[in-house]
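Shown next, in structure tokens, is the structure this report addresses.
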Amino acid sequence: MAAGRSRIPATKHSVERFTLDNGLRVVLAPDRSAPVVGVAVVYDVGIRSEPEGRTGFAHLFEHLMFQGSENLEKLAHFRHVQGAGGTFNGSTHLDYTDYWETLPSNALERALFLEADRMRGPRLTEENLRNQVDVVKEEIRVNVLNRPYGGFPWLRLPPVMFDTFANAHDGYGSFDDLESASIADATDFFDRYYACGNAVLAVGGDLDVPEVTALIERHFGDVPARPAPVRPDFAEPDLTGERRESYTDKLAPLPAVAAAWRVPDPIGDFANYLPYVVLAEVLTDGDASRLVERLVLRDRSVVSIGGYLGLMGDPYDVRDPTALLIEAHLPTDSEVDKVLRTVDEEIERLATDGLAPDELGRTQARMATHLLRETDAALGRTLKMAVLEQQRGDPALLGELPRLVGEVTEEQVRAAAASLRPERRAAVEVVPGGGAR
Amino acid sequence: MSVRTLPALGPTRKLKLPREVERTLPNGLTVIALRRPAVPLVEMRLWLPFGKAHLARGLMMSQTLLSGTATMSSVQIAAELQKVGGGLSTAVDSDRLLVSGTGLVTGLDRLLDLLAEMLTGAAYPGDEVATERARMVNGIRMAQSLPAYLVRRALLKRMYGKHPYAVQTPEPEQIEAVRPAQLRTLHAARVRPAGAILLLVGDVQPAKALDAAERALAGWTGDGAPGELPEVPALEPGPLLLVDRPDSVQSSLRMALPAVPRTHPDHAALQLANLVFGGYFSSRWVENIREDKGYTYGPHSTIEHSVAGSALVVAAEVATEVTGPALLETNYELGRLASLPPKEDELEQARQYALGTLQLGISTQAGLAAVASAYAGSGLRLEFLAEHAARLAKVTRDDVAAAAAKYLAPARAVTVVLGDAAAVRGPLGVLGPVRTETPEQ
Numbered sequence: 001m002a003a004g005r006s007r008i009p010a011t012k013h014s015v016e017r018f019t020l021d022n023g024l025r026v027v028l029a030p031d032r033s034a035p036v037v038g039v040a041v042v043y044d045v046g047i048r049s050e051p052e053g054r055t056g057f058a059h060l061f062e063h064l065m066f067q068g069s070e071n072l073e074k075l076a077h078f079r080h081v082q083g084a085g086g087t088f089n090g091s092t093h094l095d096y097t098d099y100w101e102t103l104p105s106n107a108l109e110r111a112l113f114l115e116a117d118r119m120r121g122p123r124l125t126e127e128n129l130r131n132q133v134d135v136v137k138e139e140i141r142v143n144v145l146n147r148p149y150g151g152f153p154w155l156r157l158p159p160v161m162f163d164t165f166a167n168a169h170d171g172y173g174s175f176d177d178l179e180s181a182s183i184a185d186a187t188d189f190f191d192r193y194y195a196c197g198n199a200v201l202a203v204g205g206d207l208d209v210p211e212v213t214a215l216i217e218r219h220f221g222d223v224p225a226r227p228a229p230v231r232p233d234f235a236e237p238d239l240t241g242e243r244r245e246s247y248t249d250k251l252a253p254l255p256a257v258a259a260a261w262r263v264p265d266p267i268g269d270f271a272n273y274l275p276y277v278v279l280a281e282v283l284t285d286g287d288a289s290r291l292v293e294r295l296v297l298r299d300r301s302v303v304s305i306g307g308y309l310g311l312m313g314d315p316y317d318v319r320d321p322t323a324l325l326i327e328a329h330l331p332t333d334s335e336v337d338k339v340l341r342t343v344d345e346e347i348e349r350l351a352t353d354g355l356a357p358d359e360l361g362r363t364q365a366r367m368a369t370h371l372l373r374e375t376d377a378a379l380g381r382t383l384k385m386a387v388l389e390q391q392r393g394d395p396a397l398l399g400e401l402p403r404l405v406g407e408v409t410e411e412q413v414r415a416a417a418a419s420l421r422p423e424r425r426a427a428v429e430v431v432p433g434g435g436a437r
Numbered sequence: 001m002s003v004r005t006l007p008a009l010g011p012t013r014k015l016k017l018p019r020e021v022e023r024t025l026p027n028g029l030t031v032i033a034l035r036r037p038a039v040p041l042v043e044m045r046l047w048l049p050f051g052k053a054h055l056a057r058g059l060m061m062s063q064t065l066l067s068g069t070a071t072m073s074s075v076q077i078a079a080e081l082q083k084v085g086g087g088l089s090t091a092v093d094s095d096r097l098l099v100s101g102t103g104l105v106t107g108l109d110r111l112l113d114l115l116a117e118m119l120t121g122a123a124y125p126g127d128e129v130a131t132e133r134a135r136m137v138n139g140i141r142m143a144q145s146l147p148a149y150l151v152r153r154a155l156l157k158r159m160y161g162k163h164p165y166a167v168q169t170p171e172p173e174q175i176e177a178v179r180p181a182q183l184r185t186l187h188a189a190r191v192r193p194a195g196a197i198l199l200l201v202g203d204v205q206p207a208k209a210l211d212a213a214e215r216a217l218a219g220w221t222g223d224g225a226p227g228e229l230p231e232v233p234a235l236e237p238g239p240l241l242l243v244d245r246p247d248s249v250q251s252s253l254r255m256a257l258p259a260v261p262r263t264h265p266d267h268a269a270l271q272l273a274n275l276v277f278g279g280y281f282s283s284r285w286v287e288n289i290r291e292d293k294g295y296t297y298g299p300h301s302t303i304e305h306s307v308a309g310s311a312l313v314v315a316a317e318v319a320t321e322v323t324g325p326a327l328l329e330t331n332y333e334l335g336r337l338a339s340l341p342p343k344e345d346e347l348e349q350a351r352q353y354a355l356g357t358l359q360l361g362i363s364t365q366a367g368l369a370a371v372a373s374a375y376a377g378s379g380l381r382l383e384f385l386a387e388h389a390a391r392l393a394k395v396t397r398d399d400v401a402a403a404a405a406k407y408l409a410p411a412r413a414v415t416v417v418l419g420d421a422a423a424v425r426g427p428l429g430v431l432g433p434v435r436t437e438t439p440e441q
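For the record, the sequence lines run as chains G and D.
Residue numbering for the first sequence follows UniProt numbering, beginning at 1 and increasing consecutively.
Residue numbering for the second sequence follows UniProt numbering, beginning at 1 and increasing consecutively.
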């Protein structure tokens, strides 16, 4: 019956990096296993860089980047990508904004043309701005206002945990701020942050390196050189006492709670950050994890519990300051205080008594599977490498992650657990204000 | 500012399907293996016919299939799976029970052994069943607060009447009543190899993967009668059904229209008609109600294939104050395509999208597994994808016009709106008859 845990396989992605004369950094990741490509452009600006009074602006601006550019009418971008058999999207994160296409590889040059065109400048018109403010408001209604647990915890925890506007504000934005956004704001935002020196272009999948290098030179080479702005320091001191807040969600039928602790700098102190990523999985990955076994299966004090790094759930795409989060949904007859006490108890037990034989190894094997699976798609690989290049100058780290995760030791996980003290914790509780409606 | 022109597309890459091997085991199980070695993993999908199974018991059975055997607890099962980087999960709908797994390819034998152990020895222990029952009841309460869940429930009931597809989600009280003995009985009757299909996709040697599956699953035996589903009834258009959700800041608009199975001669043309209408971003409907009017964020229109029939479902969440106008534009775009043929460039763009996304869809192990298992559940194999691509390539404007007239005509739609009835009843009533329903609390 007993089978040893699997050896974590090594992966090797071939990766090329270079920088164009105008400062645009480029990553190429060829892989000819399927006739498709992924193209990603990542700009080093996100929610944390929004000016005060303009909450939600980074995301609104992401929408405006799809509304036409130097040589492209409104709607043209979508039609050109989809008419070539591809799909597209963009997303706004705390520290970056990404734009991508994935297409059959015969459309690669077209995608490069489209990205270069909007890197030279989007068409910012009043009509398109008003239209996209309306679209974004519907997006916020669908994801936040018209549903239970909307924005929980990613919009609800930051104001409890952080004190500065940059880290604490609502990244989706208030309707007032969105409605008062102007074309002048958008022009300023583009001029300041959408410099090619502030961007990374990554292309992955079915490509020939010399051929694509020439195409990239042809399409991006004459994008005007503009340097990256100096990135402000968003650091905040760690908590010195427990913080706890609650709010009523009138649509929620059951209570919920999210707790978070600050963790080491994911970029500057990666060696000490990685054990926290492993710890989150030891605590919450599946029925054999500490907190699921205890709270879901034994105590039945929660309906579900999850743990992860970074407010938006990706441990490898976020800068300091960030956090380890535990999120739990409770049955009606359970108490948030008791759940938090039990979480503390289990974390302390882990720190004091260590891990069971195999507990770390099997968790690491599962993490390797997740990491490998995410990199199977040309697009997944391309997007992740673009962000790793931007934040760390190291896109090849993607292939190293399964091994590095596997090298985290029990002592490191115990030390990480020992730091998750109640007095360093920020928690936010959802008080159910409604029933089934 | 210099004018730059869009580069032409390179030559179309030929559609290349991975090698597929298949074997039917003596116990009746069909095993299919597909090779994609890009990452050292394997994806597994077990498709078990599950039509007409008891709703609450079926759902509970799927939630507790991995909750223990005579020799292993749920925690031990989870730990053993983790050791090979693996995981198993289950999902059930009106057609099938699907067991999905992923793991390091070096753990394939172990993953199959554990699967076999669940299939032949799931014990449905009383404590674990009680835990999952309570979780499920809370999960349903949670789901019942989601507009998407509520409008789906109302739409299915309206579409399917007395057909088993009409109710696909149980009420909490029905879950409360489920007992472990009933789960064991249901398992004995329905978790059977005959008619089931196992797919293995990944960094495998296909023939060896079939051998591994045969070794692990030969001991899974027994006969069971698959629940034959009656064909779905035709949609019966009638007054718009308005389901009240007081104070809702958006209305959930759904329309069901007739559709045909993948193998029907009209299918390729219908798929392209749906794309031109609203099936992708660059469609008439999305460009109209999102990019022109700003009524909504993520409208979509999809052909849903089930074993007993297919349907085209149009869905949008729109601001409460523009609910009437959003329905007007939706009816207009449906009616426009049902009445007038699409332009040549509209058809070409939709065709390229359909063909390209077929390539994208099978470019990962998980994507291949999803496509192959959906096909297998309808009695098709991956080679159908190439046949379908050939049909898409031949569709003409006249074909699209004919399919749109037949299937997209707004006169044939069943329409349901979930929203604040006090605010939207009037504006919707301007466009046609409305019947309002107030759900019980």
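Cβ coordinates follow ideal geometry from the N, Cα and C atoms, glycine included.
Source: prediction; values computed, not measured.
Of all the alpha helix (DSSP H) runs that stay within the bounds of the stretch 314-365 of chain D, which reach a length of 4 or more residues? 323-339, 344-361
Establish whether the CB of residue 281(D) and some CB of chain A are separated by less than 9 angstroms. This model lacks chain A altogether; the protein chains it does include are G and D.
Three Cβ pairs or more, each shorter than 8 angstroms: is that satisfied between the stretch 273-287 of chain G and the stretch 304-314 of chain G? yes
Between the C-alpha atoms of residue 338(D) and residue 361(D), what's the straight-line distance to the nearest angstrom? Walking along the second sequence from the start, residue 338(D) turns up at place 338. Walking along the second sequence from the start, residue 361(D) turns up at place 361. Cα-Cα distance, rounded: 29 angstroms.
Proximity of residue 259(D) and residue 270(D) at Cβ, strictly below 9 angstroms: Here residue 259(D) is taken as the residue at index 259 of the second sequence, counted from 1. Here residue 270(D) is taken as the residue at index 270 of the second sequence, counted from 1. Yes; because the gap between Cβ atoms is below 9 angstroms, this pair is in contact.
So if DSSP puts residue 432(G) in a beta bridge, which residue, or which two residues, is it bridged to? As a first step, residue 432(G) is located in the first sequence; it is residue number 432 there, counting from the start. Residue 432(G) is bridged to 249(G).
Do residue 364(D) and residue 104(G) have their C-beta atoms closer together than 9 angstroms? Position 364 of the second sequence holds residue 364(D). Position 104 of the first sequence holds residue 104(G). Cβ distance not < 9 angstroms, so residue 364(D) and residue 104(G) don't count as in contact.
Neighbour-count burial assignment, residue 205(D), 16 or more Cβ in a 10 Å radius: On the second sequence, position 205 is the one that residue 205(D) refers to. When all chains shown are included, residue 205(D) counts as exposed.
Go ahead and pull the three-state DSSP assignment for residue 253(D). Counting from one through the second sequence, the residue named residue 253(D) turns up at place 253. Here residue 253(D) sits in strand by DSSP.
What did DSSP end up calling residue 396(D) once you bin it into helix, strand or coil? In the second sequence, the residue the question calls residue 396(D) occupies position 396. The answer is coil: DSSP assigns residue 396(D) none of H, G, I, E or B.
With a cut-off of 9 angstroms, does the C-beta of residue 375(G) fall near any C-beta of chain D? For the purposes of this step, residue 375(G) is taken as the residue at position 375 of the first sequence. Yes, its Cβ sits closer than 9 angstroms to a Cβ of chain D.
Taking only beta carbons into account, state which residues of the stretch 5-17 of chain D come closer than 9 angstroms to chain G, listed in chain order. 5, 6, 7, 8, 9, 10, 11, 12, 13, 14, 15, 16
Among 133(G), 118(G), 94(G), the one whose alpha carbon lies nearest that of residue 314(G): Counting from one through the first sequence, the residue named residue 314(G) turns up at place 314. Checked all of 133(G), 118(G), 94(G); the closest Cα to residue 314(G) is 94(G).
Residue 33(D) versus 40(D), 54(D), 24(D), 210(D), residue with shortest Cα-Cα distance: The sequence position of residue 33(D) within the second sequence is 33, counting from 1. The shortest Cα separation from residue 33(D) among 40(D), 54(D), 24(D), 210(D) belongs to 210(D).
At a Cβ threshold of 9 angstroms, is residue 436(G) touching chain D? Reading the first sequence from its first residue, position 436 is the one you call residue 436(G). For residue 436(G), the predicted model reports a pLDDT of 42, less than 50, meaning its position is unreliable and no value from the coordinates is stated.
Between which two residues does the beta strand (DSSP E) holding residue 165(G) run? Numbered from its first residue, the first sequence carries residue 165(G) at position 165. Counting along the chain, residue 165(G) falls outside any beta strand (DSSP E), though it belongs to the alpha helix (DSSP H) covering 165-168.
So what does DSSP say about residue 246(D), is it helix, strand or coil? Numbered from its first residue, the second sequence carries residue 246(D) at position 246. Of the three classes helix, strand and coil, the one that applies to residue 246(D) here is coil, per DSSP.
Cβ closer than 7 angstroms: which chain G residues qualify as neighbours of residue 108(D)? Within the second sequence, the letter at position 108 stands for residue 108(D). None at all; the shortest Cβ gap to chain G is about 10 angstroms.
Using the Cα positions of residue 234(D) and residue 328(G), report the straight-line distance between them to the nearest angstrom. The sequence position of residue 234(D) within the second sequence is 234, counting from 1. The sequence position of residue 328(G) within the first sequence is 328, counting from 1. Answer to the nearest angstrom: the Cα atoms are 44 angstroms apart.
Compute the Euclidean distance between the alpha carbons of residue 280(D) and residue 300(D), then round it to the nearest angstrom. Sequence index remark: in the second sequence, residue 280(D) carries index 280 (1-based). Sequence index remark: in the second sequence, residue 300(D) carries index 300 (1-based). If I take the Cα positions, the gap works out to 7 angstroms.
Bridge partners for residue 44(D) per DSSP, in chain order? Reading the second sequence from its first residue, position 44 is the one you call residue 44(D). According to DSSP, which records beta bridges pairwise, residue 44(D) is partnered with 101(D), 200(D).
Run through DSSP, which three-state label would residue 215(D) get? Mapped onto the second sequence, residue 215(D) falls at position 215. Note: residue 215(D) maps to helix in three-state DSSP.
Which whole-angstrom value is the C-beta distance of residue 192(D) and residue 223(D), which I expect to be below 8 angstroms? Position 192 of the second sequence, counted from the start, is the residue given in the question as residue 192(D). Position 223 of the second sequence, counted from the start, is the residue given in the question as residue 223(D). Contact holds; Cβ gap of about 6 angstroms.
When the Cα of residue 146(D) is compared with those of 306(D), 251(D), 383(D), 120(D), which residue comes out closest? Within the second sequence, numbered from 1, the residue matching residue 146(D) stands at position 146. When each option's Cα is compared against that of residue 146(D), the closest is 251(D).
Please classify residue 294(D): is it buried, with 16 or more other beta-carbons within 10 angstroms of its beta-carbon, or exposed? One-based indexing of the second sequence puts residue 294(D) at position 294. Classification of residue 294(D): buried, given that the 10 Å Cβ count is 16 or more.
6 angstroms Cβ shell around residue 319(G) - same chain, five flanking residues per side excluded: Stepping through the first sequence from its first residue, residue 319(G) is reached at position 319. Around residue 319(G): 95, 267.
Chain G beta carbons: is any one of them nearer than 9 angstroms to that of residue 60(D)? Taking the first residue of the second sequence as position 1, residue 60(D) is located at position 60. No, its Cβ sits nowhere closer than 9 angstroms to a Cβ of chain G.
Hey, residue 355(D) and residue 85(G): beta-carbon distance below 9 angstroms or not? Walking along the second sequence from the start, residue 355(D) turns up at place 355. Walking along the first sequence from the start, residue 85(G) turns up at place 85. Yes, the pair counts as a contact, with Cβ atoms nearer than the cut-off.
Among residues of its own chain, excluding the 5 on either side of residue 315(D), which ones have a beta-carbon nearer than 6 angstroms to its beta-carbon? Translated into the one-based positions of the second sequence, residue 315(D) becomes position 315. Around residue 315(D): 254, 300.
With distances taken from CA atoms, which of 212(G), 99(G), 169(G), 158(G) is nearest residue 239(G)? The residue labelled residue 239(G) in the question sits at position 239 within the first sequence. Nearest of 212(G), 99(G), 169(G), 158(G) to residue 239(G), Cα basis: 158(G).
Starting from the Cα of residue 198(D), find the closest Cα among 5(D), 376(D), 416(D) and give me that residue. Position 198 of the second sequence, counted from the start, is the residue given in the question as residue 198(D). Looking at the Cα atoms, 376(D) is the closest of the given residues.
Euclidean distance between Cα positions of residue 412(G) and residue 44(D): Residue numbering aside, residue 412(G) sits at position 412 when the first sequence is read from its first letter. Residue numbering aside, residue 44(D) sits at position 44 when the second sequence is read from its first letter. Each residue's alpha carbon lies about 34 angstroms from the other.
Counting only C-beta atoms, is residue 78(G) closer than 9 angstroms to chain D at any point? Position 78 of the first sequence, counting from 1, holds the residue named residue 78(G). Yes, because at least one Cβ of chain D sits closer than 9 angstroms to the Cβ of residue 78(G).
For the stretch 130-141 of chain D against the stretch 76-90 of chain D, are there 3 or more C-beta pairs whose distance is under 8 angstroms? no
Presumed contact (8 angstroms Cβ cut-off) between residue 512(G) and residue 274(G), rounded CB distance: Any question about residue 512(G) goes unanswered here, given that chain G covers just 1 to 437.
Completely contained beta strand (DSSP E) runs for the stretch 41-116 of chain G, where each covers 3 or more residues: 87-92, 97-104
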